[in-house]
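Comments concern the structure below.
Residue numbers (the working numbering): 1 to 324.
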């Protein structure tokens, strides 16, 4: 059996497909200064929800959380939240993190079971505790204490996919990890000094239980600094976490680089030593406080689609591959 490509399990819902294919939409009351940038096609719906939250008087933190919730709640996005493909034992393990660039406070959860909105739990870790990260059973108990209700996160489709994988005598083993996966990475600015980054994922399909990659790690899967901007990463998180990609990008923006230049520079750093740079998935997005953006993928084989909401309109784009 060939190695499973994470993207092959991603099923675009009719709602998401319609949103991506439709003409750019507007929210009449949306403040024109607010800009949202998200990974993949489901970012269209996430950005629109975020814009609605800001238009209704919500904070940028509210907007990023609620935007990501849209993707977490969608059972047809099999790499995030409810319906996410499980680990090798058939358990859906979720990771998420969120960061407020103005305060440099962050919250994250790792290996969270039975709670479909890990980004919301991560925000409460940031706001209700002195900690940054909770994991495993501790994260679950915290979520329950905060009022979340445990539920079965496997859908019939994700269960069927796991059973098919488990029954194959030649199934992929991640003691040697060569798989790709996707996330919802989301960054935003409001034009009034607020900068926020967030990230949520169910991680790698069929992963070894307990595996944590870049998505919930501050500076790796997401990072925000009100003076410089925000960034998020998606792709082979086991490798990308070793480069602290998001913090590198934000640091270079703080030193004067345009977000696109900062994204390309970090791709260049990775290209020197990261494995399989011509075929593996390494992708990043970035935004500065003015609302200027950057997005890059390492290669043509694994292109990055990203959704942008700016000036009250949303659209889906494809990032140009980094040339190396």
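We put the CB at the ideal spot given by N, CA and C, even for glycine.
Bear in mind the structure is a predicted one, so any value in this text is a computation, not a measurement.
When C-alpha distances from residue 270 are compared across 287, 210, 312 and 244, the shortest belongs to 244.
Nearest to residue 114 by C-alpha distance, out of 140, 320 and 163, is 140.
With contacts defined as CB atoms closer than 7 Å, residue 65 and residue 105 fail to qualify as a contacting pair. By the CB criterion at 7 Å, residue 197 and residue 230 fall inside the cutoff. Annotated as proximal: residue 95 and residue 110, with beta-carbon spacing under 7 Å. Residue range 313 to 318 is occupied by the beta strand (DSSP E) that includes residue 314.
If you check the CB distance, residue 185 and residue 232 come in under 7 Å. The three-state secondary structure of residue 281, taken from DSSP, is coil. Contact between the stretch 155 to 163 and the stretch 207 to 218 is not established, with fewer than three Cβ pairs separated by less than 8 Å. When only Cα atoms are considered, residue 228 and residue 82 end up about 33 Å apart.
When DSSP assignments are scanned along the stretch 139 to 205, the uninterrupted stretches of alpha helix (DSSP H) that are 4 or more residues long and fall wholly within it turn out to be 156 to 167. Taking every protein chain shown into account, the CB of residue 240 has 16 or more other CB atoms within 10 angstroms, so this residue is buried. Secondary structure at residue 83: coil, using DSSP grouped into helix, strand and coil. Looking at 235, 51, 205 and 224, the one whose alpha-carbon comes closest to that of residue 248 is 224. Closest option to residue 322, judged by alpha-carbon separation, among 263, 306 and 315: 263. The C-beta separation of residue 132 from residue 304 comes to about 28 Å, leaving the pair out of contact by the 8 Å criterion. In the three-state scheme derived from DSSP, where H, G and I count as helix and E and B as strand, residue 218 is classed as strand. For residue 246, the uninterrupted alpha helix (DSSP H) run begins and ends at 245 to 254, by DSSP.
For residue 129, no alpha helix (DSSP H) encloses it, and the DSSP letter there is neither H nor E. By the CB criterion at 7 Å, residue 298 and residue 266 fall outside the cutoff. Collapsing the DSSP output to three states places residue 35 in a strand. Boundaries of the beta strand (DSSP E) harbouring residue 310: 305 to 310, taken from the DSSP string. In the DSSP assignment, residue 293 falls within the unbroken beta strand (DSSP E) covering 293 to 297. An exposed status is given to residue 127, since fewer than 16 other beta-carbon atoms sit within 10 Å of its beta-carbon. A straight-line Cα-Cα distance of about 28 Å links residue 253 and residue 52.
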